[in-house]
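See the structure below:
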């Protein structure tokens with residue numbers, strides 16, 4: 236069994252590396268492997284949602300909320316509106332991000348290729364993940380299902396599920412000690428209502444959340460897709476990530492850099508809803524076959 240699992244892991248790593256190499260062939264990027272002392276928690280088809288959050292996780296989450304500014308200050312963040320740039324495998328894009336305390340997300344990407352503008356949007360309305368191309372040509376919106384849809388909905392860049400209402404959707408369980416970038420950390424796993432798993436690493440010394448993630452896909456290959464915070468900044472008295480590394484199977488392949496993060500902005504709630512797609516209907520004439 237150990238040999239079989241090792242073989243599967245090797246095949247997965249080869250596939251992910253191939254996907255990363257393909258991305259880098261398009262635009263050059265030097266991949267920096269993370270220190271090999273961090274491994275995402277093992278997941279099997281029989282993984283079930285624990286009945287309740289254990290006391291160690293309650294304590295780690297409470298410590299985290301305390302050091303970043305306090306639980307009430309975090310609760311007071313009803314939404315965050317951010318802008319910045321994301322570099323994925325050497326491809327640079329600008330982004331506009333909205334994340335709400337109840338879990339909704341709206342992410343717009345803008346970039347140019349040979350002077351031609353491109354623009355896409357992806358959102359999660361609380362139930363459905365969807366995406367749409369806006370430029371150079373607007374296309375009908377489509378639902379994003381499977382692993383990609385779950386990853387976008389669950390893996391947030393800024394607002395984590397550590398207060399109500401999102402916290403009620405998870406059971407958190409302590410997994411043990413780990414390391415992030417060589418620093419000792421505590422690892423917990425949050426299991427959602429559909430038994431989907433996310434993991435969170437808290438720095439042992441500073442209690443900050445330094446890494447989090449879940450299963451996603453890259454180049455069509457299912458892989459562990461994580462975020463690693465490297466810089467922080469205050470937003471309404473709460474410490475938030477200012478720069479984040481993108482990781483696939485522990486290999487860094489990109490960076491998110493925030494230029495601005497603003498809290499509690501006026502937002503049209505319909506912005507998260509998937510637009511209706513209208514298409515012409517051909518009416519069949521009476522008697523026509």
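Residue numbers (the working numbering): 236 to 524. Beta carbons: idealized from backbone N, C-alpha and C, even for Gly.
With contact defined as three or more Cβ pairs closer than 8 Å, the region 411-421 and the region 435-445 are in contact. By the Cβ test, the region 333-349 is not in contact with the region 459-474, since fewer than three Cβ pairs between them sit closer than 8 Å. Following the DSSP letters along the chain, one finds residue 405 in no beta strand (DSSP E), marked with neither H nor E. With distances taken between CA atoms, residue 290 lies nearest to 409 out of 409, 425, 469.
Each residue's CA atom was taken as its position, placing residue 462 and residue 429 some 22 Å apart.
Under the three-state reduction of DSSP, residue 398 is assigned to coil, being neither helix nor strand. Restricted to the region 315-387, the beta strand (DSSP E) segments that are unbroken, complete and at least 3 residues in length are 326-335, 340-348, 351-359, 364-370, listed in chain order. Comparing C-alpha distances from residue 379 to each of 373, 372, 387 shows the shortest one belongs to 387. Positions of the beta strand (DSSP E) runs, each at least 3 residues long and wholly inside the region 403-440, are given as 406-415, 418-426, 432-438 in order along the chain. Around residue 491, the same chain offers 321, 479 as residues with beta carbons nearer than 6 Å, after the five sequence neighbours per side are excluded. Put simply, the region 303-312 touches the region 388-408. At least three CB pairs are less than 8 Å apart. Distance from the CA of residue 466 to the CA of residue 443, rounded to the nearest whole angstrom, comes to 11 Å. One Cα belongs to residue 500, the other to residue 464, and the distance between them is close to 24 Å. The beta carbons of residue 340 and residue 358 sit closer together than 8 Å.
Measuring C-alpha to C-alpha distances from residue 337 to each of 325, 347, 362 identifies 362 as the nearest. Proximity to residue 470 across 303, 508, 451 peaks at 303, based on C-alpha coordinates.
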